[in-house]
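This report concerns only the one structure given below.
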């Protein structure tokens, strides 16, 4: 094995379709117009020396190493900034060029430390490489003049130009003494990430990279995406892991296990030790970029809290007892068999994981259907994007987003509704911000003033700060303006949609009660803003809609999804690049878990369990008879447990006690069960109520595939041996074998072959094919052998697009004298979901606790100051946390995250849910906020329960 090679062409590729032919060092080459001479040379196999150039950012032309000579032209132009032209004759190596390059390198080296043998970048230093490339053998200027290298000069005087190393960031160091001021880090922060956190301070010899206003990295606006570290050609910016371990010796391309963007990374290794994760430039979801989580927050995989041995206990008040894998499997099989014999076949079920692979998820639902003999299977999409599946399925005929992420580069107007991409999907957000800086317009519909509303070089054209719970009213009002002002795309609608259904819908949205003026008192959105946003979206060119859990996690989540689909169809924004309806999925494989049949009413490929032909396909292959009755959803399982009819559950890689709403109801349901089996990396909150714990494996320890938010199927590749002994798919298979099922898979590729054989949208997907093409977007079958980057080209999957009336029905969760504020929830950049992974990394330096955002007006009325402990109470329960006073939220609205279990924000949320899918209404909870001087009674009790439940017999300390 070796390091996966990546060619740096020096400058970005040109998108021109016009071709130009020129000669470089006697070789004729044809490249697109607009290509730089540097890139053309590299494509011809000729490497021009460079330091300030890299193909992730635009050409800069400052290092003066990449000079060339062009016949018929004077001077020695920089090849990175000089475009190709027809018939040019270029020379990259002449005596004149050699002397100039040596002189330039002498100047660089005269102010650079020569500690190469002990430098962390030794073997991976472009300055070192270029010194060799230009033949540098001596430095005529010496090293004792003005420099930035030593704290004190030869006479002992303080060197004012010296700056100490900045080690404030937990993941990388900044050593100003090694900086060559190439500006690559500054440009990467601007052009790739879009944060503009870095600048060059000083002039001439005093120039240095500076985070913000000469701040430490940790205190600056830096978001630790790693783009600057990746761009740095020296050891100025270096991963601390590289300093500690050394340079990697081999790498494996795999897929990030955090959010639904699905970034591709090179896991760079020494033996079985992970040195660093580096974003892969050929990754079609991230195009070589990353965020702090995927780039750096992998330490949880080796954290001391990981449980590596199976454990059982008779009662949840008992300490855990470590057992062998065989004992654990036998115990689970016996218990589930006993429960079904005693209480009936429907008394057990399971929950698949959106963090596990497609293959593992497929096996869990197969185990439940073929082994348990029922359809009691559900997944975390129940509590996040199940309304997406329902709403888009009704309107378009398929339950997924319509575009690939590249599509954003062609959009002209973007609506972001109920999503906070800079925190939840940061790599996509960077691509979106780049398009906005190029001139695209942005409409934000969100109760909070998210970063996209106003950030460096980004300003939303419209921010519609609606009251939580009024999404349907706002989106229908946008449609009202478009229809009543005649801004809809009649030609598209007549060709692609049912015209009679459009006429019915158009009549509905045209009613005066749906006008911006009529709904303004309800939504809080000024009518003139809403009208302006509607006109911009309808007339601004390619219009795209991106939405998140702020749309789906409502009692009318499905209705809002259908309203969004109506808006896209009415404006003709479906079926080509730059448009579409795009759900931003929360977890790495939540799309895949849905695709694999994790819902109780659907088999893999979104086919209903009542369909005889579909069941027959699986019955013949599995050798069992399948139930044609939909099973229980997660809330139904918990209800049935409290009622005494549901007694056993197998939960793979989900923490429903922390992530699901109304925590007290979840805990009551789990406590009523007789066999709760949890398979995870850590003793999570749900494991407080478990009787069996099966250790899980990380994404680094398994082979498989993830499917991201754009339907992209990406390979996950094992880079180290599972520390628990088995990958998750092996655990599920051995459990199935213990229950009498004759499964004999030897590799996840065989599971994918079975998926392809039974699921039409995956028909041509195989590991061999993915090795060949890198990744593919379903549907991938005979009709679309190369996959489907854009859906619904020329027509909808269901035939004609369906317009659906979207009547606004206010939520039953209302404010009043006791609970006058509305709580909404969300994520923060540094943390992920319930925090089980990110809390076990250095990311806690940015977010060590959940806090409540409250408007200054509401805080003053309650005598609350910034940082005070407050009591947050609802009809469902109460908790305590500290307050952050900010005008990001409107008066009457408060906001918090749910990453830390000691806060347990879901103690507050209620059991109201979406009318079609039971997706919980996390985003609207009536609450009261008051000063507090300590934890709530519930927090005290829960802390004691957690401490007791994590005791392991024979261990001195409870696992955390």
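Numbering (the working numbering), first residue to last: 471 to 1430. For glycine and all other residues, C-beta sits at the position ideal for the given N, C-alpha and C.
What distance in whole Å lies between the Cβ atoms of residue j and residue i, which are believed to be in contact at a cut-off of 8 angstroms?
| i | j | result |
| --- | --- | --- |
| residue 717 | residue 594 | 6 angstroms |
| residue 839 | residue 668 | So it is not a contact: roughly 53 angstroms between Cβ atoms. |
| residue 1187 | residue 827 | 11 angstroms between Cβ atoms; not a contact. |
| residue 507 | residue 538 | 6 angstroms |
| residue 987 | residue 1393 | Residue 987 to residue 1393, Cβ: 25 angstroms. No contact. |
| residue 592 | residue 872 | No, residue 592 and residue 872 are not in contact; Cβ-Cβ is about 48 angstroms, not under 8 angstroms. |
| residue 1225 | residue 1074 | 6 angstroms |
| residue 1125 | residue 1155 | 5 angstroms |
| residue 775 | residue 1152 | 5 angstroms |
| residue 1060 | residue 851 | 5 angstroms |
| residue 551 | residue 531 | 4 angstroms |
| residue 1190 | residue 742 | 4 angstroms |
| residue 1366 | residue 1320 | 6 angstroms |
Could you pull out every residue in the same chain whose Cβ sits closer than 8 angstroms to the Cβ of residue i, ignoring the five residues on either side in sequence?
| i | result |
| --- | --- |
| residue 519 | 535, 536, 571, 600, 603 and 604 |
| residue 670 | 651, 653, 656, 677, 678, 679 and 680 |
| residue 794 | 780 |
| residue 1203 | 833, 1213 and 1215 |
| residue 842 | 806, 810, 815, 818, 819 and 820 |
| residue 567 | 537, 538, 539, 546 and 561 |
For residue i, is the classification buried or exposed, using 16 other Cβ atoms within 10 angstroms of its Cβ as the cut-off for buried?
| i | result |
| --- | --- |
| residue 1484 | This structure leaves residue 1484 out entirely; the chain is present only between 471 and 1430. |
| residue 1130 | buried |
| residue 544 | exposed |
| residue 1259 | buried |
| residue 985 | buried |
| residue 477 | exposed |
| residue 927 | exposed |
| residue 811 | exposed |
| residue 804 | exposed |
| residue 1431 | Outside the displayed range of the chain (471 to 1430) lies residue 1431, so it cannot be described from this structure. |
| residue 475 | exposed |
| residue 918 | buried |
| residue 683 | exposed |
| residue 1313 | buried |
| residue 1198 | buried |
| residue 587 | exposed |
| residue 1139 | buried |
| residue 1256 | exposed |
For residue i, which residues from the same chain have a beta carbon less than 6 angstroms from its beta carbon, with the 5 sequence-adjacent residues on both sides left out?
| i | result |
| --- | --- |
| residue 1160 | 1146 and 1148 |
| residue 993 | 936, 937, 940, 943 and 944 |
| residue 990 | 997 |
| residue 1008 | 952, 957 and 1041 |
| residue 1107 | 819 and 1116 |
| residue 611 | 580 |
| residue 1142 | 1111 and 1112 |
| residue 417 | Missing from the structure shown is residue 417; the chain here goes from 471 to 1430 and no further. |
With a CB to CB cut of under 7 angstroms and the five nearest residues on each side skipped, what residues in its chain are close to residue i?
| i | result |
| --- | --- |
| residue 790 | 781, 783, 1163, 1421, 1422 and 1423 |
| residue 1098 | 1079, 1080 and 1085 |
| residue 1244 | 752 and 754 |
Compare the C-beta of residue i with all C-beta atoms of chain B and state if any pair is closer than 8 angstroms.
| i | result |
| --- | --- |
| residue 1394 | In the structure shown, chain B cannot be found, because there is only a single protein chain. |
Segment contact flag, the region 950-969 with the region 1003-1015, C-beta cutoff 8 angstroms, min 3 pairs: yes
Inter-stretch contact at 8 angstroms, needing at least 3 Cβ pairs: the region 816-832 / the region 1115-1128: yes
Touching by the beta-carbon criterion (3+ pairs, under 8 angstroms), the region 1341-1348 and the region 1299-1307: no
Whole runs of the alpha helix (DSSP H) within the region 950-1012, excluding any shorter than 4 residues: 960-966, 969-979, 986-993 and 997-1009
At least 3 beta-carbon pairs within less than 8 angstroms: the region 691-700 vs the region 758-768: yes
Secondary structure, alpha helix (DSSP H): runs of 4+ residues fully inside the region 630-712: 654-657 and 697-701
Every unbroken alpha helix (DSSP H) within the region 1316-1347, with a cutoff of 4 residues, ordered by chain: 1326-1331
Stretch pair the region 1350-1360 + the region 1383-1398: three plus CB contacts closer than 8 angstroms: no
Whole alpha helix (DSSP H) elements within the region 1230-1280, 4-residue minimum: 1237-1243
Touch test, the region 892-904 against the region 913-931, Cβ-Cβ under 8 angstroms, three pairs minimum: yes
Cβ contact check for the region 1366-1381 and the region 1345-1354: 3 or more pairs under 8 angstroms: yes
The region 658-665 in contact with the region 616-636 per 3-pair CB rule at 8 angstroms: no
The region 856-866 contacting the region 1228-1235, beta-carbon criterion three pairs below 8 angstroms: no
Complete runs of the alpha helix (DSSP H) confined to the region 473-538 [at least 4 residues]: 507-513
Those runs of the alpha helix (DSSP H) which lie wholly inside the region 778-826 and span at least 4 residues: 795-813
Whole runs of the beta strand (DSSP E) within the region 1352-1427, excluding any shorter than 3 residues: 1363-1367 and 1395-1401
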